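Visitor:
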Amino acid sequence: RKEVEQDPGPFNVPEGATVAFNCTYSNSASQSFFWYRQDCRKEPKLLMSVYSSGNEDGRFTAQLNRASQYISLLIRDSKLSDSATYLCVVPTDSWGKLQFGAGTQVVVTP
Amino acid sequence: NAGVTQTPKFQVLKTGQSMTLQCAQDMNHNSMYWYRQDPGMGLRLIYYSASEGTTDKGEVPNGYNVSRLNKREFSLRLESAAPSQTSVYFCASTAGLYTGELFFGEGSRLTVL
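These protein sequences, in sequence, are chains A and B.
For the first sequence, the residue numbers in this note's numbering are 1 to 110.
For the second sequence, the residue numbers in this note's numbering are 1001 to 1113.
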């Protein structure tokens, strides 16, 4: 099993709709989690951090389910500009290493 | 407001050639990283440098060497390029992984023929 797994998508979402997708992780000791956003042919950028049960930032909500070892990202009222690949990131046991998922592609359509 | 600067942005090599990817950050970060990104594989850590003067192997170090020249600069060298090293390479830096925030360069697209 990969350390961090994501549904690659694409998730095709009408503008204004809600989309949610999950990320599963294998290291049960992980305490913090992160969502990064990567636009096509650009560098990844931090979107949200998740340290406890969840986090909310405007239209974006991240939730953590420790029992089932997954985190989710929900985007409400989707905008065209939300089209991107969303990377789930989990620290590993080793200092200095963040494990990146392969990403979930979201395509918001007019 | 440069952040993390990588050069070159594009490079085509022939098998067996060598090259160095340069990376510099102006945020006074202690830690720097080199990742490669391949389709469907996500970002994989090649080498990292927790602080000036130290370097450590990541997940996929074979075929690469690094140098932490000073606090600002962290270079990645391919001594004898192979087609399997065709990838997009990202340099990143952070003030501390407890923040989870890595600042990435724009990437270097390398093709090995």
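All C-beta atoms, glycine included, are put in the ideal place defined by N, C-alpha and C.
All values derive from a computational prediction rather than experimental measurement.
Which residue's Cα is closest to the Cα of Val-108 (chain A): A:Lys-79, A:Gly-58, A:Ser-32 and A:Glu-56?
Guide: Ranking the options by Cα distance to Val-108 (chain A), first place goes to A:Lys-79.
Visitor: Excluding the 5 residues preceding and the 5 following Glu-1052 (chain B) in the sequence, name in chain order all residues of the same chain whose CB lies nearer than 8 Å to its CB.
Guide: Excluding residues within five positions, the ones whose Cβ falls inside 8 Å are Asn-1030, Arg-1068, Asn-1070 and Lys-1071.
Visitor: Taking the alpha carbon of Arg-1017 (chain B) as the point to measure from, which residue in B:Pro-1083, B:Glu-1106, B:Leu-1045 and B:Met-1041 has its own alpha carbon closest?
Guide: Reading off the sequence, residue 1017 (chain B) comes out as Gln, not Arg. Of the candidates B:Pro-1083, B:Glu-1106, B:Leu-1045 and B:Met-1041, the one whose C-alpha sits nearest the C-alpha of Gln-1017 (chain B) is B:Pro-1083.
Visitor: Report the CB separation of Glu-43 (chain A) from Gly-1105 (chain B) in whole angstroms; it is logged as a contact under 8 Å.
Guide: Correct: roughly 6 Å between the Cβ atoms.
Visitor: Determine the chain A residues that contact Leu-1043 (chain B) at a beta-carbon separation under 8 Å, and present them in chain order.
Guide: Going along chain A in sequence order, the residues near Leu-1043 (chain B) (Cβ under 8 Å) are Pro-44, Leu-87 and Phe-100.
Visitor: Applying a beta-carbon distance threshold of less than 7 Å, which residues of chain B neighbour Gly-58 (chain A)?
Guide: Going along chain B, no residue has its Cβ under 7 Å from Gly-58 (chain A), so there is no contact; the nearest lies around 18 Å.
Visitor: Enumerate in chain order the residues of its own chain whose CB-to-CB distance from Thr-61 (chain A) is below 6 Å, with the five nearest sequence positions on each side excluded.
Guide: Around Thr-61 (chain A): Leu-74.
Visitor: Are Phe-114 (chain A) and Phe-21 (chain A) close, meaning C-beta to C-beta below 8 Å?
Guide: There is no way to answer for residue 114 (chain A), as the model of chain A reaches only from 1 to 110.
Visitor: Taking C-beta pairs closer than 7 Å, name the residues in chain A that Gly-1058 (chain B) reaches, listed in chain order.
Guide: In chain order: Lys-97.
Visitor: Please state the DSSP three-state secondary structure of Gln-1085 (chain B).
Guide: Gln-1085 (chain B): helix per DSSP, three-state reduction.
Visitor: Would Arg-1074 (chain B) and Met-1032 (chain B) qualify as a contact pair, given that the criterion is a beta-carbon distance under 8 Å?
Guide: Rather than Arg, the amino acid found at residue 1074 (chain B) in this sequence is Phe. It is a contact, given that the beta carbons lie within the stated cut-off.
Visitor: Show which residues of chain A have a CB atom less than 8 Å away from the CB atom of Phe-1104 (chain B).
Guide: In chain order: Glu-43, Pro-44 and Lys-45.
Visitor: For Thr-9 (chain A), decide whether its Cβ has a neighbour in chain B, counting only Cβ atoms nearer than 8 Å.
Guide: As written in the sequence, residue 9 (chain A) is Gly, which differs from the Thr given in the question. No, Gly-9 (chain A) does not count as interfacial toward chain B.
Visitor: Along chain B, in chain order, which residues have C-beta atoms closer than 7 Å to that of Phe-21 (chain A)?
Guide: What Phe-21 (chain A) touches in chain B: nothing, since even the nearest Cβ is about 15 Å away.
Visitor: Quick one: is Ala-29 (chain A) buried, meaning 16 or more other Cβ sit within 10 Å of its Cβ, or exposed?
Guide: The residue in question, Ala-29 (chain A), is exposed, as its Cβ has fewer than 16 Cβ neighbours within 10 Å.
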